[in-house]
DNA sequence: GCTTTTTATACTCATATTGAGCATATAGCG
DNA sequence: CGCTATATGCTCAATATGAGTATAAAAAGC
């Protein structure tokens, strides 16, 4: 019989806390991984072809077992199956296929003793956060060097064009949806640690190459980039944000969650006009004070919007993302 | 060792010809299927975990072998893995997982002797075509009957609400993107032949239940619905249409392809204003005559639009889809 | 040759949406 | 009180959208 297939379920579990998108990571204790235990990974585990009726049920089971957390909204992301994406394969093991899922939750405490941890998504993909001045300053230079190092003038122009589109240096501006394209560009440019870890024996690794952001096990950072791109795209036409918010919230809370995911700042007055016009939310009458500033009204999601509007979501203004590109 | 996993690649290969979206189907000759050979299926074949480096390469290999056609644009759609989605499993076989892909091509002739065939997508999903008066007239009544037959008043209201949203009976109008939701609704309502074929022994099948549209093998119609929804959504923010058009085309050709996929009619003058304003195309100067009417200028896709615009695509006007709903 | 039909393309116009501000209200704090 | 921070209301110009009208240029029918 031919080499067997192992089908893994992996979960990108996202929450937004304190204006930051957070991802739930585990420190895997499985044997067989060549990467050290200290490298974070997504919760993941194999499908049991006998007893798991659906992929989603298997996924929820693994999440529960590995993190103790119950997830609500879940959606399938992508299936990763390139050969040698897992070093276990090279040592003659089975073919490792991974079906990745996206889950959205409110951040909840991890039980004591469970080796799971919430981490800021942008620690792994720092170039994706365009809200402040915190993006990696050396990135642009490194990309320029990569383009210059092209073997031919034509390749060089292609590389420059790709960089310009991916990083918003064109009139089109910054497009949050392209998170995966950016990851793959940086991977090709050897600016992602995993690119070297997987293709070169440990001893021969180029020490000159650098890594922007923290690394993850296997291709889990690619999976995270896929998830981020998907969320950013879907935000615009599905009411996903509300999965990440408490049942009642202020408009600023809503805006901050959108901004955290999209990675850009928005114009406050226009944002509230937008959600008001789209009738995405309704006031509850009650008011939340406590912090500084004038107290804000609490709102809740209007489910009825699904009946009233096509593609109900928070359409991000393009200009805001154009501004962020500067 | 536990029951093995077989990973299939299946391809929804779409083209648009004569104002109709077409899908490439095969008459499978494999043994082991309980469905008769005359039922169409998508091209599909198992991943060879030894020799197939990536899923996409395996997919292209299977498409070539089964249809003789070379596909260009390819994108992963979804992974289907529910238990018992394939009757081969029930007879103690391996777990059947299928990674579905979408491919876009220009319709090309199938070589003689190859058991592949182009068919109109809307023959399988007739309710998805809202361009004319051709939608199944009895569908609405059948859905109404299903809602009425609900076991409780609450369930009934839920069913009615789902029908209204899915079939555009609300102020939100018709949303082409919801193709999969509609399929699943009809499946639940026992208005899809496959729903009965799979859950009930052949002898006990309800003869009263009906099927709107032609059936396909296994869950391939569900996969087709997934593909249609994906194309319709992505059309709006990616220049997918041009994969289906020759290098030069008239604006009416472009509009007809969009309409065929979206399943709705569009306002001609506004459509050309839209593509002109988005700078998606550029005139070639040459002119195509031959048919009736004033000759039209030939246009070509402007690749540069990727640098200039965010989410470059054919944003369908919502109102057009609202009109179609009436 | 003239009319009808069919398609292409230009232009109009009222209305809606967007981007960017200004202005004012109401809290906590030193 | 004055300062700062947030909430919320409102304006205004620039664009985009929906729905037409008008005219041009071909083929087909007679």
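Chains as they are written, first to last, in my numbering: chain A, 1 to 326; chain B, 327 to 652.
Note that the Cβ used here is the ideal one computed from N, Cα and C, for glycine as well.
Predicted, not measured: the structure shown is a model, and the values here were computed from it.
Taking the alpha-carbon of residue i as reference, which of the options has the nearest alpha-carbon?
i	options	result
residue 448 of chain B	B:593, B:489, B:550, B:436	B:550
residue 558 of chain B	B:568, B:472, B:587, B:571	B:587
residue 468 of chain B	B:421, B:453, B:457	B:453
residue 521 of chain B	B:423, B:413, B:630, B:554	B:413
residue 3 of chain A	A:21, A:303, A:91, A:103	A:91
residue 353 of chain B	B:402, B:584, B:599, B:541	B:541
residue 486 of chain B	B:422, B:565, B:511	B:511
residue 271 of chain A	A:170, A:285, A:255	A:255
residue 503 of chain B	B:375, B:560, B:583	B:560
residue 288 of chain A	A:259, A:21, A:250	A:250
residue 612 of chain B	B:441, B:382, B:372, B:573	B:573
residue 456 of chain B	B:505, B:552, B:474	B:505
residue 664 of chain B	B:410, B:382, B:415, B:411	The structure shown has nothing for residue 664 of chain B, since chain B only spans 327 to 652.
Helix, strand or coil, according to DSSP, for residue i in the structure here?
i	result
residue 425 of chain B	strand
residue 207 of chain A	Confidence at residue 207 of chain A is low in this model, with a pLDDT of 49, below 50, so the placement of that residue should be treated as unreliable; the coordinate-derived value is given next. Coil at residue 207 of chain A, not helix or strand.
residue 32 of chain A	A caution first: residue 32 of chain A carries a pLDDT of 49, below 50, which makes its placement in the model too unreliable to give a value.
residue 87 of chain A	helix
residue 348 of chain B	strand
residue 503 of chain B	helix
residue 608 of chain B	strand
residue 277 of chain A	helix
residue 448 of chain B	helix
residue 440 of chain B	coil
residue 45 of chain A	strand
residue 395 of chain B	coil
residue 299 of chain A	strand
residue 406 of chain B	strand
residue 343 of chain B	strand
residue 574 of chain B	strand
residue 140 of chain A	helix
residue 287 of chain A	strand
residue 376 of chain B	coil
residue 433 of chain B	coil
residue 6 of chain A	strand
What's the call for residue i, buried or exposed, on a 16-neighbour Cβ count within 10 Å?
i	result
residue 25 of chain A	buried
residue 501 of chain B	buried
residue 138 of chain A	exposed
residue 470 of chain B	exposed
residue 103 of chain A	buried
residue 331 of chain B	buried
residue 514 of chain B	exposed
residue 334 of chain B	buried
residue 424 of chain B	buried
residue 158 of chain A	exposed
residue 101 of chain A	buried
residue 620 of chain B	exposed
residue 330 of chain A	Only positions 1 to 326 of chain A appear in this structure, which leaves residue 330 of chain A out of reach.
residue 219 of chain A	buried
residue 230 of chain A	buried
Return the CA-CA distance between residue i and residue j, expressed in angstroms with no decimal places.
i	j	result
residue 489 of chain B	residue 305 of chain A	15 Å
residue 124 of chain A	residue 210 of chain A	14 Å
residue 31 of chain A	residue 377 of chain B	For residue 31 of chain A, the predicted model reports a pLDDT of 47, less than 50, meaning its position is unreliable and no value from the coordinates is stated.
residue 493 of chain B	residue 570 of chain B	27 Å
residue 366 of chain B	residue 54 of chain A	25 Å
residue 385 of chain A	residue 635 of chain B	For residue 385 of chain A there is no data in the structure shown, the boundaries of chain A being 1 and 326.
residue 62 of chain A	residue 20 of chain A	25 Å
residue 73 of chain A	residue 242 of chain A	10 Å
residue 274 of chain A	residue 496 of chain B	21 Å
residue 507 of chain B	residue 156 of chain A	45 Å
residue 370 of chain B	residue 617 of chain B	39 Å
residue 385 of chain B	residue 566 of chain B	20 Å
residue 113 of chain A	residue 257 of chain A	29 Å
Are there any heavy atoms of the ligand NAD lying less than 7 Å away from the beta-carbon of residue i, as far as the coordinates show?
i	result
residue 249 of chain A	The model on display carries no ligand, and the ligand NAD is accordingly not part of it.
**Asked** Are at least three pairs of beta-carbons, each pair with one atom in the region 387 to 403 of chain B and one in the region 336 to 351 of chain B, less than 8 Å apart?
**Response** yes
**Message:** Does the region 309 to 316 of chain A come into contact with the region 395 to 410 of chain B, if we say contact requires no fewer than three beta-carbon pairs (one atom in each stretch) closer than 8 Å?
**Reply:** no
**Item:** Touching by the beta-carbon criterion (3+ pairs, under 8 Å), the region 604 to 617 of chain B and the region 507 to 518 of chain B
**Value:** no
**Request:** Determine contact between the region 97 to 108 of chain A and the region 133 to 147 of chain A, defined as no fewer than three beta-carbon pairs at a distance below 8 Å.
**Result:** no
**Message:** Using 8 Å as the cut-off, can you tell me whether the region 256 to 270 of chain A makes contact with the region 284 to 299 of chain A, which would need three or more C-beta pairs spanning the two stretches below that distance?
**Reply:** no
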